[in-house]
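Right, one structure below, let's go through it.
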Amino acid sequence: MQVINLFDPWKSKFCTCPTKYSFSPYTGCSHGCLYCYASSYIPNFFTCKPKKDLLKRLASDLKKIDKRIYVSIANSSDPYPPLEHKLRLTRDCLKLLVANNCKFLLITKSNLVERDKDVLSKAKVCVSFSLTTLDEDAAKKLEPNAPLPQKRLAAMENLIKHNIQVAMRIDPIIPGINDSEIGDLLKSVAEIGVKHIVSSTYKARFDSWNRMYKVFPEVMEKLKDLYFRQGEKISNSYYLPTSIRFKLMKKVKESCDKFGLTFACCREGFIELNTPKSCDGSHLITINL
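Numbering-wise, this note's numbering comes out as the position in the sequence shown, counting from 1, plus 212.
Spelled out as structure tokens, the structure:
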């Protein structure tokens, strides 16, 4: 396999994802999100680059994969960076996936995905949007180069109107920054027809922590002791204390119940809160085809 691999969640003891493939058309991501974890292990991560000979390599891999297993696009690098406007590389990859009768989960922060609704409407797909806040000022700080929240909401609504299944990730939740608007955010997406929510708390790594601290010094100073003294280090990430994480995830779960949304928390260890469908929204892939 050259560009498609089995998804490996770093052997996380909390991962509840079903078996799936992982695929990214680009290396790196230009959204510049402060909280990004991938920048800790991918060099020059915020410089986005297309993969060489991608379509040829993808076509070769699609002959080898098990078509019963879905492909997750993309787990680290957004498949719709600004480069995609010109290169249309992700669009061409989606066409190949559809032509090969592949199921896939498409994860993005970009409203550019709307452009490809003609392809997606023929696919076995669920589009999973990441949306951390409705506050445009906060979004500009947290995700400086990503499309603003209202554009993402409009894109979700447009895809749903074209009978394309949509899930949403509130990831990460950061106390003192976006935890107070969970109810409003979920109400907004439930009203437009989103069906499933995935959520997670911010997992600190030193590079992302330093970026967050520069932009939100007062908030991060308050969180410092919670993460690095009272919290827990798992693999290369620092977690909030279990009681705080559970309280935040329970808050999301209760709002999901209120608005008729299914829910799962991601890599938190609270499987009792999860709706027994799928953690990442992949259960929606076969609906309305």
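Using N, Cα and C, we set each Cβ at its ideal position, and we do this for glycine too.
Asked, Found
"Length-filtered (4 minimum) alpha helix (DSSP H) runs lying within the segment 264-351", "266-274, 295-299, 301-311, 329-332"
"Spatial neighbours of V427 in its chain, beta-carbon cut-off 7 Å, leaving aside the 5 residues before and after", "L246, K353"
"Span of the beta strand (DSSP E), counted from its first residue to its last, around L218", "216-218"
"Bridge partners - R417, DSSP secondary structure assignment", "BP columns for R417 are empty, so no partner."
"Cβ shell of C241 (< 8 Å), same chain only, five flanking positions each side left out", "C248, A250, F257, F258, C260, S288, S289, D290, P293"
"Reduced DSSP category for M213 - H, G, I as helix; E, B as strand; rest coil", "coil"
"Residue(s) in a DSSP beta bridge with H408", "A379, T474"
"Continuous beta strand (DSSP E) stretch holding F235: start and end", "233-235"
"Run of the beta strand (DSSP E) containing K225, from where it starts to where it stops", "Note, K225: premise wrong, no beta strand (DSSP E); not H, not E."
"Endpoints, beta strand (DSSP E) assigned at K445", "444-446"
"Three-state secondary structure assigned by DSSP to S449", "strand"
"Alpha-carbon to alpha-carbon, P429 and A286", "31 Å"
"Segment contact, 8 Å Cβ cut-off, at least three pairs: the segment 399-415 with the segment 363-372", "yes"
"From P384, F475, T320, residue whose alpha carbon lies closest to that of G493", "F475"
"Cα-Cα separation, N357 to R423", "14 Å"
"At least 3 beta-carbon pairs within less than 8 Å: the segment 408-417 vs the segment 384-398", "yes"
"Host alpha helix (DSSP H) of F440 (start-end)", "429-440"
"Per DSSP, the bridge partner or partners of T239", "K261"
"Residues near S467 in its chain [Cβ-Cβ closer than 6 Å; skip 5 each side]", "I394, G395, L398"
"Separation of E355 from G244, as counted between CA atoms", "6 Å"
"From K363, K232, L332, S340, residue whose alpha carbon lies closest to that of D347", "K363"
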